[in-house]
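Everything on this sheet refers to the single structure shown next.
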Amino acid sequence: MRTKLVIFGITGDLSTRKLLPALSQIMKTGDFDDLSVIGVSRHDFDLAALLPTESEQLLGRFSQITMNVSDAAEYHRLKDVIALGEDEQLLVYLSVPPAASAQIVELLGQAGINTSNTKLLLEKPFGIDLSSAETMIGHVARYYDESQVYRIDHYLAKEMTQNIVAFRGGNALFSYVWNNQAIEKIEVVALESIGIEGRTDFYEPTGALRDVLQGHLMQLLAITLMDVPHEFDWSGVTELRAQALKAIAPADPTTAVRAQYSTYRDEVGNPESMTETFAAVRLESHDEQWKGVPLILATGKAMDKKATEVRIHFKKSHEAQTNCLIFRIQPHESVEIEVFTKKPGYERELQTQTLSFMYPENTVLPDAYEQVIVDAIRSRKSVFAGSEEVLRSWEILQPVQQAWAASDVIRHYDAGSDLYSLIG
Ligand code: BG6
Numbered sequence: 009m010r011t012k013l014v015i016f017g018i019t020g021d022l023s024t025r026k027l028l029p030a031l032s033q034i035m036k037t038g039d040f041d042d043l044s045v046i047g048v049s050r051h052d053f054d055l056a057a058l059l060p061t062e063s064e065q066l067l068g069r070f071s072q073i074t075m076n077v078s079d080a081a082e083y084h085r086l087k088d089v090i091a092l093g094e095d096e097q098l099l100v101y102l103s104v105p106p107a108a109s110a111q112i113v114e115l116l117g118q119a120g121i122n123t124s125n126t127k128l129l130l131e132k133p134f135g136i137d138l139s140s141a142e143t144m145i146g147h148v149a150r151y152y153d154e155s156q157v158y159r160i161d162h163y164l165a166k167e168m169t170q171n172i173v174a175f176r177g178g179n180a181l182f183s184y185v186w187n188n189q190a191i192e193k194i195e196v197v198a199l200e201s202i203g204i205e206g207r208t209d210f211y212e213p214t215g216a217l218r219d220v221l222q223g224h225l226m227q228l229l230a231i232t233l234m235d236v237p238h239e240f241d242w243s244g245v246t247e248l249r250a251q252a253l254k255a256i257a258p259a260d261p262t263t264a265v266r267a268q269y270s271t272y273r274d275e276v277g278n279p280e281s282m283t284e285t286f287a288a289v290r291l292e293s294h295d296e297q298w299k300g301v302p303l304i305l306a307t308g309k310a311m312d313k314k315a316t317e318v319r320i321h322f323k324k325s326h327e328a329q330t331n332c333l334i335f336r337i338q339p340h341e342s343v344e345i346e347v348f349t350k351k352p353g354y355e356r357e358l359q360t361q362t363l364s365f366m367y368p369e370n371t372v373l374p375d376a377y378e379q380v381i382v383d384a385i386r387s388r389k390s391v392f393a394g395s396e397e398v399l400r401s402w403e404i405l406q407p408v409q410q411a412w413a414a415s416d417v418i419r420h421y422d423a424g425s426d427l428y429s430l431i432g
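If you want our numbering, it's the 1-based position in the sequence shown plus 8.
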């Protein structure tokens, strides 16, 4: 089916860093010759200057429209430019801040750019708390059915995240130990060695809990806990993740960690800033399969390393034993399990070794944004966040948000700290 992709915010940071390179890449495959792109901006721009080198295929399928996105009348002109045929589909990608996004959705809807062959691609944040997320979802629902809404959480589209689903769905072996009988605790962590990189305006009102923990980490947790039916089908994954999140109890603020790297206040020029650059929560599921297993989520900037991992710690059968299954989402994408083996030699000593799966060195993994575009074109929703998941995640974290809003206690840590110095 011919696809027309309209991008709002085409000259913005996300678009130039992620979206356009991804589009350029998928166009090179030759599998998307029926895709054309319309960039929307307030002023004329030079697309070639925004694109990576060697993007001829994309340049050849690109057109632009300049418009005032706050003016309702302009959307009728946009509709004429799009001229969507009944046998075509339209993807409208909003790569703009939330306030602008709400207005654009309203004006698109009023202009009738919401027919059933239209899909709406939205970027996070999906609200800043439960009530704003409800408002945002309700507002979008006035014009677009949930089946038309594609909420982007690029962590869901990462190759190794999808590999957790494949690993669980494809290897019955692990289904027998995927429960509280065998698992001691689960850690989901996303650490970054960089700080906020000058994104003060975005980060100050946001913080680590909203920026990474509420979306990216909750999604990784949901994928780890969700039920994987025997007849596994990827199309059911959104619903399975939502079910897993429904079983998680509201977070206990007394076990949450709120911390800030020591140079942060100087960096943002706010000596009283209470914005956390590190956040950790300890959750519990009341699902029979998971009762009693601590679920630890942690994320931080200015840490000792970049590491996004899901770690499954299995119960020990004797003191020295430390079986741990690690999904390394990035960097060094791999799956590893630490096992005991006999140390070579005359003695009966044990040693820890690692069994691992890694991609061959020259494997090129698609960028998450390539996957997002391809899956939106093909109507595959498993890498997008459903409204129920978004709402449930906020609901789980609400007690922590409320406690932090009412408190002026925050820990400080030196840049380069390691995770366990903060969560003990
Ligand atoms: C974004 C956050 O969603 O994810 C950033 O807004 C964070 O603060 C980024 O740095 C991390 O993404 P990745 O893919 O580099 O792990």
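The C-beta atom is built at its ideal place from N, Cα and C for all residues, glycine as well.
### Task
Kindly confirm or deny that the region 125–144 and the region 31–49 touch, where touching means at least three C-beta pairs closer than 8 Å.
no
### Query
Mind checking whether the beta-carbon of GLN338 lies closer than 7 Å to any heavy atom of the ligand BG6?
As a first step, residue 338 is located in the sequence shown; it is residue number 330 there, counting from the start. GLN338 Cβ: within cutoff of the ligand BG6.
### Message
Shorter than 7 Å, the distance from the beta carbon of VAL220 to the closest heavy atom of the ligand BG6, or not?
### Response
Here residue 220 corresponds to residue number 212 of the sequence shown, with the count starting at 1. VAL220 Cβ: within cutoff of the ligand BG6.
### Message
Looking only at its chain, what residues have a beta carbon closer than 6 Å to the beta carbon of TYR152, apart from the 5 residues adjacent to it on each side?
### Response
For the purposes of this step, residue 152 is identified with residue 144 of the sequence shown, where counting begins at 1. Excluding positions up to five away in sequence, the list reads ASN122 and LEU128.
### Message
Going by DSSP in three states, GLU414 sits in which element: helix, strand or coil?
### Response
One-based indexing of the sequence shown puts residue 414 at position 406. Reading the sequence as shown, one finds Ala at residue 414 and not Glu. Here ALA414 sits in coil by DSSP.
### Query
Going along the chain, which residues of its own chain have a beta-carbon closer than 7 Å to the beta-carbon of GLU346, five neighbours each way excluded?
Residue 346 sits at position 338 when you count from the first residue of the sequence shown. Contacts found: THR330, ASN331, CYS332, THR360 and THR362.
### Task
Pull up the CB-CB distance for PRO261 and ALA411, whole angstroms please, since I reckon it's below 8 Å.
Taking the sequence shown and counting its residues from 1, the one referred to as residue 261 is at position 253. Taking the sequence shown and counting its residues from 1, the one referred to as residue 411 is at position 403. Going by Cβ atoms, the distance from PRO261 to ALA411 rounds to 4 Å, so yes, they are a contact pair.
### Task
Label GLU317 either buried or exposed according to how many other C-beta atoms from any shown protein chain fall within 10 Å of its C-beta, with 16 as the threshold for buried.
Translated into the one-based positions of the sequence shown, residue 317 becomes position 309. Buried, by the Cβ-count rule.
### Query
Where GLY135 and LYS26 are concerned, what is the direct C-alpha to C-alpha distance, given to the nearest angstrom?
Taking the first residue of the sequence shown as position 1, residue 135 is located at position 127. Taking the first residue of the sequence shown as position 1, residue 26 is located at position 18. For GLY135 and LYS26, the distance between alpha carbons rounds to 22 Å.
### Query
So who's on the other strand from GLU269, going by DSSP bridges?
Along the sequence shown, read from residue 1 onward, the residue named residue 269 stands at position 261. Correcting the residue type first, residue 269 is Tyr in the shown sequence and not Glu. According to DSSP, TYR269 bridges with TYR421.
### Query
Taking the alpha carbon of THR423 as the point to measure from, which residue in GLY20, SER270, GLY146 and HIS238 has its own alpha carbon closest?
Residue mapping note: residue 423 aligns to position 415 of the sequence shown, counting from 1. Thr is not the amino acid found at residue 423; the sequence shown has Ala there. Selected option, being the one with the closest Cα: SER270.
### Query
Are the CB atoms of ILE34 and VAL391 nearer to each other than 8 Å?
The sequence position of residue 34 within the sequence shown is 26, counting from 1. The sequence position of residue 391 within the sequence shown is 383, counting from 1. No, they are not a contact pair.
### Task
Kindly indicate the opening and closing residues of the alpha helix (DSSP H) around THR246.
Stepping through the sequence shown from its first residue, residue 246 is reached at position 238. Start and end: 245–254.
#### Entry: Residues bridged to GLY308 [DSSP beta-bridge criterion]
Reading the sequence shown from its first residue, position 300 is the one you call residue 308. Looking at the DSSP assignment, GLY308 forms a beta bridge with LEU199 and PHE286.
### Query
Per DSSP, what kind of secondary structure is GLN359 in: helix, strand or coil?
The residue you call residue 359 lines up with position 351 of the sequence shown. Residue state, collapsed to three classes: strand.
### Query
Does the beta-carbon distance from GLY120 to LYS87 come in below 8 Å?
As a first step, residue 120 must be located in the sequence shown, where it is residue number 112. As a first step, residue 87 must be located in the sequence shown, where it is residue number 79. In contact: GLY120 and LYS87 (Cβ atoms closer than 8 Å).
### Where LYS12 falls: helix, strand or coil (DSSP)
In the sequence shown, residue 12 corresponds to position 4, counting from 1. LYS12: strand per DSSP, three-state reduction.
#### Entry: Nonlocal neighbours in the same chain, by C-beta distance under 6 Å from ARG10, ignoring five residues either side
As a first step, residue 10 must be located in the sequence shown, where it is residue number 2. Here the set comprises ASP42 and GLU96.
### Query
For GLU344, which residues does DSSP report across the bridge?
Reading the sequence shown from its first residue, position 336 is the one you call residue 344. Looking at the DSSP assignment, GLU344 forms a beta bridge with ILE334 and SER364.
### Query
What are the complete alpha helix (DSSP H) segments, minimum 4 residues, inside the region 185–236?
208–211 and 226–233
### Query
What number of angstroms, rounded off, separates the C-alpha of SER342 from the C-alpha of ILE334?
Along the sequence shown, one-based indexing puts residue 342 at 334. Along the sequence shown, one-based indexing puts residue 334 at 326. C-alpha separation (whole angstroms): 8 Å.
### Message
Let me check you understand the geometry: is the CB of HIS162 closer than 7 Å to at least one non-hydrogen atom of the ligand BG6?
### Response
What you label residue 162 is simply residue 154 of the sequence shown in a count that begins at 1. Checking every heavy atom of the ligand BG6 against the Cβ of HIS162, one is found closer than 7 Å.
### Query
Since PRO60 contacts ALA259 with CB under 8 Å, what's their CB separation in whole angstroms?
Here residue 60 is taken as the residue at index 52 of the sequence shown, counted from 1. Here residue 259 is taken as the residue at index 251 of the sequence shown, counted from 1. Contact flag wrong, Cβ pair sits at about 41 Å.
### Alpha carbon of THR169 to alpha carbon of ASP161, nearest angstrom
As a working mapping, residue 169 is identified with position 161 in the sequence shown. As a working mapping, residue 161 is identified with position 153 in the sequence shown. In a straight line, the C-alpha of THR169 is about 11 Å away from that of ASP161.
#### Entry: Contact set for GLU82: own chain, Cβ-Cβ below 6 Å, skip 5 residues either direction
Looking up residue 82 in the sequence shown gives position 74. Taken in chain order, the residues that qualify are MET75 and ASN76.
### Message
Can you check which of these residues, TYR367, THR371 and TYR272, is closest to THR208 by C-alpha distance?
### Response
The count along the sequence shown starts at 1 and reaches residue 208 at position 200. Closest by alpha carbon: TYR272.
#### Entry: THR316: CB within 7 Å of a non-hydrogen atom of the ligand BG6
Position 308 of the sequence shown, counted from the first residue, corresponds to residue 316. Checking the Cβ of THR316 against the ligand BG6 gives yes.
### Message
Taking the alpha-carbon of VAL197 as reference, which of PHE175, MET226, SER183 and ALA141 has the nearest alpha-carbon?
### Response
The residue labelled residue 197 in the question sits at position 189 within the sequence shown. Looking at the Cα atoms, MET226 is the closest of the given residues.
### Query
By how many angstroms is the C-alpha of GLU212 removed from the C-alpha of VAL276?
For the purposes of this step, residue 276 is taken as residue 268 along the sequence shown, with counting starting at 1. For the purposes of this step, residue 212 is taken as residue 204 along the sequence shown, with counting starting at 1. Rounded to whole angstroms, VAL276 to GLU212 spans 8 Å at the Cα level.
### Task
Evaluate LEU427 with the Cβ neighbour count: other Cβ atoms within 10 Å of its Cβ, from every protein chain shown; 16 or more gives buried, anything less gives exposed.
As a first step, residue 427 must be located in the sequence shown, where it is residue number 419. Buried: at least 16 other Cβ atoms inside 10 Å.
### Message
Under DSSP, the alpha helix (DSSP H) around SER109 begins and ends at which residues?
### Response
Numbered from 1 along the sequence shown, position 101 holds the residue referred to as residue 109. First-last of the alpha helix (DSSP H) with SER109: 106–118.
### Query
Rounded to the nearest angstrom, how far is the Cβ of ILE431 from that of ALA250, given a contact under 8 Å?
Position 423 of the sequence shown, counted from the first residue, corresponds to residue 431. Position 242 of the sequence shown, counted from the first residue, corresponds to residue 250. Not really, about 27 Å apart at Cβ, beyond 8 Å.
#### Entry: Reduced DSSP secondary structure (H/G/I, E/B, other) of PHE175
On the sequence shown, position 167 is the one that residue 175 refers to. PHE175: helix per DSSP, three-state reduction.
### Query
Just how far apart, CA to CA, sit GLN338 and HIS84?
Taking the first residue of the sequence shown as position 1, residue 338 is located at position 330. Taking the first residue of the sequence shown as position 1, residue 84 is located at position 76. Near 44 Å, if we compare the C-alpha coordinates of HIS84 and GLN338.
### Query
SER395 to PHE348, Cα distance in whole Å?
Position 387 of the sequence shown, counted from the first residue, corresponds to residue 395. Position 340 of the sequence shown, counted from the first residue, corresponds to residue 348. Answer to the nearest angstrom: the Cα atoms are 43 Å apart.
### Query
Would you call the region 299–307 and the region 185–201 touching, i.e. three or more CB-CB distances under 8 Å?
yes
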